[in-house]
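Novice: This is the structure I want to talk about, given as structure tokens.
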Amino acid sequence: MSTFRFQSIKETANRRTVEVKELDKKSVIFGSNVFNDKAMRQFLTPEAYKAVQSAVQHGTKIDRKLADYIAMGMKEWALSKGVTHYTHWFQPLTGATAEKHDAFFETSFDGSDPVEKFGGSQLVQQEPDASSFPNGGIRNTFEARGYTAWDPTSPAFIFGTTLCIPTVFVSYTGEALDNKAPLLRALSAIDEAATEVAKYFDKNVKKVTPTLGWEQEYFLIDSALAASRPDITLTGRTLLGHASAKGQQLEDHYFGSIPTRVLNYMRDLENECMLLGIPVKTRHNEVAPNQFELAPIFEETNLAVDHNSLLMDVMQKVAERHFFKVLFHEKPFKGVNGSGKHNNWSMATDTGINLLAPGKTPMSNLQFLTFFINTIKAVYTYEELMRASIASASNDHRLGANEAPPAIISVFIGQQLTKVLENLQKVTDGKLSPEEKTDLKLNVVGKIPDVLLDNTDRNRTSPFAFTGNKFEFRAVGSSANCAVSMTTLNSIVAKQLKDFKNEVDALIEKKGLKKDEAIFNVLREYIKQTKAILFEGDGYSDDWQKEAAKRKLSNFKTTPEALKAKVSKKAMDLFEELGVMNHVEVEARYEIELEEYTKKIQIEGRVLGDIARNHVIPTAIRYQNTLIENVKGLKEIFGKDFEKIAKEQIILIKEISGHIEGINSNVDAMTEERKKANNLTSAEKMAAAYCDKVKPYFDVIREHCDKLELLVDDEIWTLTKYRELLFTR
Ligand SMILES: NC(=O)CC[C@H](N)C(=O)O
Numbered sequence: 058m059s060t061f062r063f064q065s066i067k068e069t070a071n072r073r074t075v076e077v078k079e080l081d082k083k084s085v086i087f088g089s090n091v092f093n094d095k096a097m098r099q100f101l102t103p104e105a106y107k108a109v110q111s112a113v114q115h116g117t118k119i120d121r122k123l124a125d126y127i128a129m130g131m132k133e134w135a136l137s138k139g140v141t142h143y144t145h146w147f148q149p150l151t152g153a154t155a156e157k158h159d160a161f162f163e164t165s166f167d168g169s170d171p172v173e174k175f176g177g178s179q180l181v182q183q184e185p186d187a188s189s190f191p192n193g194g195i196r197n198t199f200e201a202r203g204y205t206a207w208d209p210t211s212p213a214f215i216f217g218t219t220l221c222i223p224t225v226f227v228s229y230t231g232e233a234l235d236n237k238a239p240l241l242r243a244l245s246a247i248d249e250a251a252t253e254v255a256k257y258f259d260k261n262v263k264k265v266t267p268t269l270g271w272e273q274e275y276f277l278i279d280s281a282l283a284a285s286r287p288d289i290t291l292t293g294r295t296l297l298g299h300a301s302a303k304g305q306q307l308e309d310h311y312f313g314s315i316p317t318r319v320l321n322y323m324r325d326l327e328n329e330c331m332l333l334g335i336p337v338k339t340r341h342n343e344v345a346p347n348q349f350e351l352a353p354i355f356e357e358t359n360l361a362v363d364h365n366s367l368l369m370d371v372m373q374k375v376a377e378r379h380f381f382k383v384l385f386h387e388k389p390f391k392g393v394n395g396s397g398k399h400n401n402w403s404m405a406t407d408t409g410i411n412l413l414a415p416g417k418t419p420m421s422n423l424q425f426l427t428f429f430i431n432t433i434k435a436v437y438t439y440e441e442l443m444r445a446s447i448a449s450a451s452n453d454h455r456l457g458a459n460e461a462p463p464a465i466i467s468v469f470i471g472q473q474l475t476k477v478l479e480n481l482q483k484v485t486d487g488k489l490s491p492e493e494k495t496d497l498k499l500n501v502v503g504k505i506p507d508v509l510l511d512n513t514d515r516n517r518t519s520p521f522a523f524t525g526n527k528f529e530f531r532a533v534g535s536s537a538n539c540a541v542s543m544t545t546l547n548s549i550v551a552k553q554l555k556d557f558k559n560e561v562d563a564l565i566e567k568k569g570l571k572k573d574e575a576i577f578n579v580l581r582e583y584i585k586q587t588k589a590i591l592f593e594g595d596g597y598s599d600d601w602q603k604e605a606a607k608r609k610l611s612n613f614k615t616t617p618e619a620l621k622a623k624v625s626k627k628a629m630d631l632f633e634e635l636g637v638m639n640h641v642e643v644e645a646r647y648e649i650e651l652e653e654y655t656k657k658i659q660i661e662g663r664v665l666g667d668i669a670r671n672h673v674i675p676t677a678i679r680y681q682n683t684l685i686e687n688v689k690g691l692k693e694i695f696g697k698d699f700e701k702i703a704k705e706q707i708i709l710i711k712e713i714s715g716h717i718e719g720i721n722s723n724v725d726a727m728t729e730e731r732k733k734a735n736n737l738t739s740a741e742k743m744a745a746a747y748c749d750k751v752k753p754y755f756d757v758i759r760e761h762c763d764k765l766e767l768l769v770d771d772e773i774w775t776l777t778k779y780r781e782l783l784f785t786r
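See below:
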């Protein structure tokens, strides 16, 4: 009997739900562990409070003395909540979060004067010895050390007994070594560009804030079952396993009643989120068995990104209390839905207007159309960069099936807006007659209903869908740090809005057009130019693949191919012009992502070889020996008639040998390809070799293993099966 598998199943079957401590109402506990406005007013001097506010709102610098006062207040607040340590909390280019805790506690060298200390210098800047994080050559090239610097726009928070201070991670020469610094620069670029355009419609606008509401999909697997699978433990996904007879075909899990054990986990998690100020709102069962989703209320993008990164960490920690393991991988199980992290994005003005929501007047609708069409134009111009921004080894498995968008980037806008764009396209070139203006006001911009048909989920195959008052970037993967896709999206729209402003101003100045005439003229041209990116149909159909090729849209199915757009001249120019990243920072990220891809496939290859040889083959041989014994016995009893009686067993014995041979020869061939790939010197070539030469063996090896799973006696099969992983909760 394969003890580990059955022990795990038994352990899971005996699980009790873990009780969750009831806390006060959400509105009462929300943000209790955040150094938010309320805490700041209580613990900071008025000058210190003002300094933080001004840094948050206007990006002003905080002087050293005030930093000392802020640190003091922060420490007092933290100590009042039983905190012992502090850490600069940052997001290195591993995609995860990083922290190194230091105690407040200090003594003099002879052990006297023990005291809790935390000064402005510790708050503002730290130099973690973080030399082992990926840096893509930045730090070697410049021999620069890295340091973390306080980001006052994202408030400090307490997790456990540690005060966490959100920071950027940069080298002494100024290059960003993390995901947050470029994001902050992109957010500032779009603020500047969008504010200028918004001023066409309302002179009072002083700031535009991009907003983000992510939806986090995930799988929840019992921790004992997860631990029984080396592939889940080491790669976050199953590398083999025959499909369960029942999967998601009955659609009985989606939005179904949430299993009690899971619900308790969710409640516990939500309590933690409330304390941390993460405004989680929605929870439900997703489509695949054991798949779930959690979504917050949208927030300012920097905060939303921090909250998502923090959440992923908290989710795993809370899961341990409930004997679950969270799988964030985009495709942990073959044949059922994968997990996305749909990024709902919009822009809001400091006057309280959502720039992607239609308004009540023709002018506010023209404002909406301006931002709407500019976003479409940005995606059209930079579709390859958008694809690159969501590329990863794990997302490659998800794209193109089971309600995840294909690798071709397109924009879905729905019928109503398609018609509006068709009409706008007919606007006269140059000056407009009074009749035409009235007609436009009444019948085009005046006809956009203030509540657009909610298109959410209407087209699940669209990578970038307009959903009534925001765009939903559906292609983002569940394990991704949203900073990467959000840096790209906000940068491309910033650049587009800058160009738009220049074009409109030129028409006003040089051709003497009125402001609204100029806007109509530029938008008309954009509509004509960007048609290729609009697509309303089935993203999975072969017709779309052909049609997209005709429209010259990119269709990069794998990460190494897709990533190339990141270092194209077009991308470098974009990021450099906006001051988001210089070419060193862009190239470093490209290199890091290629290396990450290579390493992930390398690890998967090794794990698969190991499981196939050390679990599957020995088990298959054990079963084959039983069959051989059986055949021998039959021969002993039945003599020459045994062949007829043992016919099926003999076929099975041969079949098993065939699969064993299939596994062995392909694992050997895969290992050979890995060796060859490892000898390549460029990161680009190595990633391509792992993708094109090594990875194709995964399916072949898996096929043999999965066939054997069906043949071999269930009692001795060592690997926990799909039906057990997906249906035991
Ligand atoms: N219901 C849904 O929206 C499913 C989305 C799907 N899980 C994805 O990969 O994006």
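Convert by adding 57 to the 1-based position in the sequence shown; the result is the number in our numbering.
All residues carry an ideal CB built from backbone N, CA and C; glycine is no exception.
Use the C-beta contact count for Asn305: other C-beta atoms within 10 angstroms, 16 or more gives buried, fewer gives exposed.
Specialist: Reading off the sequence, residue 305 comes out as Gln, not Asn. Answer is buried; the Cβ neighbour count reaches 16.
Novice: Just jot down, in chain order, the residues whose CB lies closer than 5 angstroms to any heavy atom of ligand 1.
Specialist: Result: Asn394, Gly395, Gly397, Glu460 and Ala461.
Novice: With distance defined between alpha-carbon atoms, name the residue in Leu737, Cys748 and Ile717 nearest to Thr616.
Specialist: Nearest C-alpha to Thr616: Cys748.
Novice: Just mark Arg121 as buried or exposed, buried being the case when its beta carbon has 16 or more other beta carbons within 10 Å.
Specialist: The residue in question, Arg121, is exposed, as its Cβ has fewer than 16 Cβ neighbours within 10 Å.
Novice: In chain order, what are the residue ranges of uninterrupted alpha helix (DSSP H) at least 4 long that sit wholly in the segment 445-501?
Specialist: Taking only runs of at least 4 residues, the alpha helix (DSSP H) segments lying wholly in the segment 445-501 are 450-455, 471-481 and 491-496.
Novice: Mapping DSSP to helix, strand and coil, what is Ser211?
Specialist: Three-state DSSP puts Ser211 in coil, outside helix and strand.
Novice: Would you call the CB atoms of Lys413 and Phe528 closer than 8 angstroms?
Specialist: In the sequence as displayed, the identity of residue 413 is Leu instead of Lys. Result yes, Cβ atoms of Leu413 and Phe528 sit closer than 8 angstroms.
Novice: I need the DSSP call for His145, collapsed to helix, strand or coil.
Specialist: Here His145 sits in strand by DSSP.
Novice: For a test of the three-state rule: what should DSSP assign to Ala537, helix, strand or coil?
Specialist: It is coil, neither helix nor strand.
Novice: Taking the beta carbon of Thr438 as the centre, do at least 16 other beta carbons fall within 10 Å, making it buried, or is it exposed?
Specialist: Buried.
Novice: Taking contact to mean 3 or more Cβ pairs, one atom from each stretch, closer than 8 angstroms, check whether the segment 490-502 and the segment 636-643 are in contact.
Specialist: Verdict: no, contact absent.
Novice: From this set, Ser449, Leu554, Lys626 and Lys571, which residue's C-alpha is nearest Val541's C-alpha?
Specialist: Val541 has its Cα closest to that of Ser449, out of Ser449, Leu554, Lys626 and Lys571.
Novice: Among Phe523, Phe61 and Lys132, which one has its Cα closest to the Cα of Ala160?
Specialist: Measuring from the Cα of Ala160, the nearest candidate turns out to be Lys132.
Novice: Out of Ala605, Ser314 and Val769, point me to the one whose CA is closest to Ile710's CA.
Specialist: If we check each option's Cα against that of Ile710, Val769 comes out closest.
Novice: Using CA coordinates, which residue listed in Tyr654, Asp259, Gly139 and Glu604 is at the minimum distance from Asn742?
Specialist: In the sequence as presented, Asn is not what sits at residue 742; that position holds Lys. Closest by alpha carbon: Tyr654.
Novice: Which whole-angstrom value describes the C-beta separation of Asp279 and Thr69, a residue pair presumed to lie in contact below a C-beta threshold of 8 angstroms?
Specialist: Their Cβ separation, rounded to whole angstroms, is 4 angstroms, which keeps Asp279 and Thr69 in contact under 8 angstroms.
Novice: Just reading off the beta strand (DSSP E) that Trp402 is part of, what are its end residues?
Specialist: Note, Trp402: beta strand (DSSP E), Asn400 to Thr406.
Novice: Run the CB neighbour count on Ala302, radius 10 Å, all protein chains shown included, and call it buried at 16 or more, exposed below.
Specialist: Exposed, because fewer than 16 other Cβ atoms sit within 10 Å of the Cβ of Ala302.
Novice: Strictly by DSSP, which residues pair up with Lys382?
Specialist: Beta-bridge pairing links Lys382 to Ile278.
Novice: Considering only C-alpha positions, which residue in the set Thr406, Leu234, Gly395 and Asn721 is nearest to Tyr647?
Specialist: For Tyr647, the nearest C-alpha among the options comes from Leu234.
Novice: Would you mind working out which of Phe381, Ser165 and Leu80 sits nearest Cys330, comparing C-alpha positions?
Specialist: Considering only alpha carbons, the answer is Leu80.
Novice: Alpha helix (DSSP H) containing Pro419: first to last residue?
Specialist: Run containing Pro419: Pro419 to Thr438, per the alpha helix (DSSP H) assignment.
Novice: Which residues bound the beta strand (DSSP E) around Glu351?
Specialist: It is Leu, not Glu, that sits at residue 351 in the sequence shown. Its beta strand (DSSP E) spans residues Gln348 to Pro353.
Novice: Determine the direct distance from the alpha carbon of Ile315 to that of Gly14, and round the result to whole angstroms.
Specialist: Given a span of 58 to 786 for the chain in the structure shown, any question on residue 14 remains unanswerable.
Novice: Using the Cα positions of Phe199 and Met629, report the straight-line distance between them to the nearest angstrom.
Specialist: Only weak support is given to the placement of Phe199: the predicted model assigns it a pLDDT of 49, under 50, and the question is left unresolved by the model.
Novice: Could you tell me which of Arg378, Phe429 and Val91 sits nearest to Lys78, measuring between CA atoms?
Specialist: The residue with the shortest Cα to Cα distance from Lys78 is Arg378.
Novice: Among Glu772, Asn547 and Asn328, which has the Cα closest to the Cα of Lys434?
Specialist: Minimum Cα distance to Lys434 is reached at Asn547.
Novice: For Gly176, name the three-state secondary structure that DSSP assigns.
Specialist: DSSP places Gly176 in coil when its eight states are reduced to three.
Novice: Which residue comes first and which comes last in the alpha helix (DSSP H) that contains Trp134?
Specialist: Run containing Trp134: Arg121 to Leu136, per the alpha helix (DSSP H) assignment.
Novice: Given Thr21, which residues of its chain have a CB within under 6 angstroms of its CB, disregarding the five upstream and five downstream residues?
Specialist: Residue 21 cannot be examined here, being either before or after the span of the chain that is shown, 58 to 786.
Novice: DSSP three-state label for His299, please.
Specialist: Coil.
Novice: Just the Cα atoms here: how many angstroms apart are Ile658 and Val751?
Specialist: Cα to Cα, Ile658 sits roughly 8 angstroms from Val751.
Novice: Taking the C-alpha atoms as reference points, what is the distance between Ala251 and Ala361?
Specialist: Near 20 angstroms, if we compare the C-alpha coordinates of Ala361 and Ala251.
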